[in-house]
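Trainee:
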Amino acid sequence: MAMGNRLLDALPRAVLRKHKDALDPIEFPLKKVLHEAEAPIDYVYFPARGVLSVVNEPDPGDVVEVATIGREGFSGYPILLQADSMPSRTIVQIAGEGYRMKAGVFRKMVDSSRPTRDLFLRYMSTLVTQIAQITSCNRLHEVQQRCARWLLQTHDRVDGDSFVLTQEFLAQMLGCHRPSVSVAAGMLQKEGLIEYARGAITIRDRKGLEQASCSCYGFIVAEYQRLVGGGMERGSIVADRRANHSRNSRNNRTEAD
Ligand SMILES: [Zn+2]
Numbered sequence: 227m228a229m230g231n232r233l234l235d236a237l238p239r240a241v242l243r244k245h246k247d248a249l250d251p252i253e254f255p256l257k258k259v260l261h262e263a264e265a266p267i268d269y270v271y272f273p274a275r276g277v278l279s280v281v282n283e284p285d286p287g288d289v290v291e292v293a294t295i296g297r298e299g300f301s302g303y304p305i306l307l308q309a310d311s312m313p314s315r316t317i318v319q320i321a322g323e324g325y326r327m328k329a330g331v332f333r334k335m336v337d338s339s340r341p342t343r344d345l346f347l348r349y350m351s352t353l354v355t356q357i358a359q360i361t362s363c364n365r366l367h368e369v370q371q372r373c374a375r376w377l378l379q380t381h382d383r384v385d386g387d388s389f390v391l392t393q394e395f396l397a398q399m400l401g402c403h404r405p406s407v408s409v410a411a412g413m414l415q416k417e418g419l420i421e422y423a424r425g426a427i428t429i430r431d432r433k434g435l436e437q438a439s440c441s442c443y444g445f446i447v448a449e450y451q452r453l454v455g456g457g458m459e460r461g462s463i464v465a466d467r468r469a470n471h472s473r474n475s476r477n478n479r480t481e482a483d
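Taken in order, the sequence shown gives residues 227 to 483; the numbers are from the working numbering.
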């Protein structure tokens, strides 16, 4: 039976069978802190629906997203890398559900099977790429493109086309000020790509949103396809965007927000 999390579904069958009872089904309520900065990591989490954000707070109140994790990944990854905590916090950005596993059990599971460890390490490589790409994106690309990129990443990880999101949260996720996000979301709405009402966003034109995004979205998806396997994304965007990446980034380059 499919678990709904791509890493769990990609595990060797015997490994999943052996550890299935150690996976507790749980809800991910909005804004719940799953991993506090510098605190010991007791559980790893596998979303089946919803979005987790890894955020940094370089100065009090200044929150910025460094990575997003959904059904294609897992959180609590320092456990895989022989660390027991990290300086970033992980919060639930879009409510959903999934599974949790005790950190010690996860460590044993990974140690017991080479293909399992390799799978998680390949995912880690895609996550490092995502972090690097988002960092560059926030520095170089226009807010509207970044906004489209973030909405696509979120759309991939929810069921349906609508999700609850405040502009304040979106601004934090994009590392910019709220008025800039208001203008960017307003323009995407005017073009008929999204609808924004009463704190909920609805994706109206997926294809158009892909075209409105910078190349970072396609680049992140292509890297996941290459190292873990297809199926991270909902749209038809494919790896050939990656080939255009350098050219696009030059064209897209603007002053950071
Ligand atoms: Zn970008």
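Where is the CB? At the ideal position from N, CA and C, for every residue including glycine.
1) Thinking just about the alpha-carbon of each residue, which of Cys-373, Glu-449 and Tyr-450 is nearest to the one in Gly-412?
2) What residues in its chain sit with their C-beta under 6 Å from that of Asn-282, if we drop five residues either side in the sequence?
3) How would you call Met-229, buried or exposed, if buried means at least 16 neighbouring beta carbons within 10 angstroms?
4) Going by DSSP in three states, Lys-328 sits in which element: helix, strand or coil?
5) Between Arg-430 and His-261, what straight-line distance do the alpha-carbon atoms span, to the nearest angstrom?
6) For the beta strand (DSSP E) containing Ala-274, name the first residue and the last one.
7) Along the beta strand (DSSP E) that carries Ser-388, what are the first and last residues, could you check?
8) Could you tell me the alpha carbon to alpha carbon distance between Ala-410 and Val-369, rounded to whole angstroms?
9) Can you find the residues in the same chain that come closer than 6 Å, C-beta to C-beta, to Leu-249, ignoring five residues on each side of it along the sequence?
10) Using 10 angstroms around the beta-carbon of Asn-392, count the other beta-carbons present and answer buried if the total reaches 16, otherwise exposed.
11) By the three-class DSSP mapping on this structure, what secondary structure does Leu-378 have?
12) Restricting to Cα atoms, I'd like to know which of Val-384, Leu-256, Tyr-271 and Ala-240 is closest to Phe-300.
13) With a cut-off of 8 Å on the beta carbons, I'd call Pro-266 and Ser-339 a contact; round off their distance for me.
14) What does DSSP give as the partner residue(s) for Asp-288 in the beta ladder?
15) Report the start-end ranges of each beta strand (DSSP E) in the stretch 362–449 that is 3 residues or longer and not cut off at the edges.
16) First and last residue of the alpha helix (DSSP H) that includes Leu-242?
17) Within the same chain, show all residues whose beta-carbon is closer than 7 Å to that of Glu-449, passing over the 5 residues directly before and after it, in chain order.
18) Is Gln-371 near ligand 1 - that is, is its Cβ less than 7 Å away from at least one heavy atom of it?
19) According to DSSP, simplified to helix, strand and coil, what is Asp-235?
20) Within 10 Å of its beta-carbon, does Gly-456 have 16 or more other beta-carbons around it, so buried, or fewer, so exposed?
21) Distance check for Ala-438 and Gly-330, CA to CA, integer angstroms please.
22) What would DSSP say about Ala-465, mapped onto helix, strand or coil?
23) Looking only at its own chain, which residues have a Cβ that is under 8 Å from the Cβ of Arg-404, when we skip the five neighbours before and after it?
24) Can you give the Cα-Cα distance for Ala-358 and Cys-402, rounded to whole angstroms?
Mentor: Straight from the coordinates:
1) Cys-373
2) Val-290, Val-292 and Ser-314
3) buried
4) The DSSP-derived three-state label of Lys-328 is strand.
5) 33 Å
6) 269–285
7) 388–390
8) 6 Å
9) Here the set comprises Tyr-325 and Met-327.
10) According to the sequence as given, residue 392 is Thr; it is not Asn. Classification of Thr-392: exposed, given that the 10 Å Cβ count is below 16.
11) Secondary structure at Leu-378: helix, using DSSP grouped into helix, strand and coil.
12) Tyr-271
13) About 25 Å separates the CB atoms of Pro-266 and Ser-339; that is not less than 8 Å, and the two are not in contact.
14) Asp-285
15) 388–390, 420–423 and 426–429
16) Taken as a continuous stretch (DSSP letters only), the alpha helix (DSSP H) holding Leu-242 covers 239–245.
17) Thr-352 and Thr-355
18) yes
19) Asp-235 falls in the helix class under three-state DSSP.
20) exposed
21) When rounded, the distance between both Cα atoms is 43 Å.
22) Low confidence applies here, because Ala-465 scores a pLDDT of 41, under 50, leaving its location unreliable; read the following figure in that light. Ala-465: coil per DSSP, three-state reduction.
23) Answer for Arg-404: Gln-393, Glu-394 and Ala-397, listed in chain order.
24) 18 Å
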